[in-house]
Amino acid sequence: MGRSQETFSKKEVRNKKEKRKKEKAEKRLAKKELDKSGKLEDMIAYVDEFGNISNTPPDPTKVKEEIDAENIEIGIPKREDGPPEEIERKGTVSFYNDSKGYGFIKDQGSQDSVFVHVNNTLDEIREGDKVIFEIEMGPKGPTAVKVKVV
């Protein structure tokens, strides 16, 4: 097809393609000019005592601190024996569903809600009852067991 039969939109597409090619060639030339300044000194990086990358070499006059390898603790430090936790806790039944057989107890000491199931109760409980219970970790978090009405 000759250029005399080209429509306006075809001319626009051809002009845009030519413009993109020119821009790409200019970017390529500019990048080559910037890469010519790649001296070895510009490419060297140093790591300081904290593991950070810097452009300046470390100071050789600086005295390095000696660390005794025996003082380094690997892993989790042992827990110190503190006061024993209360085995029996006191609380109030804040919610209980008789038909489904579960509910929640609000702990008096920590004000946390603890899940309770009917299988873990020794007495029949209702909302508002004061209870004594123990806590065990269940599959989804802490669970009240051995629940007794006070």
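Numbering (my numbering), first residue to last: 2 to 151.
All C-beta atoms, glycine included, are put in the ideal place defined by N, C-alpha and C.
Item, Value
"Cβ distance (whole Å) where arginine 134 is taken to contact isoleucine 106 below 8 Å", "The residue you asked about is not arginine; residue 134 is phenylalanine in the sequence shown. Indeed they touch by this definition, with Cβ atoms about 6 Å apart."
"Boundaries of the beta strand (DSSP E) in which alanine 145 is found, first to last residue", "142 to 150"
"For lysine 25 and glutamate 32, the rounded distance between their alpha carbons", "A small fix is needed here, since residue 32 is lysine in this sequence, not glutamate. Distance between the alpha carbons of lysine 32 and lysine 25 is about 11 Å."
"Residue environment, isoleucine 75, which counts as buried when at least 16 other CB atoms sit within 10 Å", "exposed"
"8 Å CB neighbourhood of serine 55 in its chain, flanking five on each side removed", "Ala46, Tyr47, Val48, Asp49"
"DSSP state of lysine 107 mapped onto helix, strand, coil", "strand"
"As assigned by DSSP and simplified to three states, the class of asparagine 16", "helix"
"Among Pro143, Asp124, Met138, Lys141, the one whose alpha carbon lies nearest that of valine 151", "Asp124"
"Proximity to serine 95 [Cα-Cα], best of Arg15, Val64, Arg127, Lys65", "Arg127"
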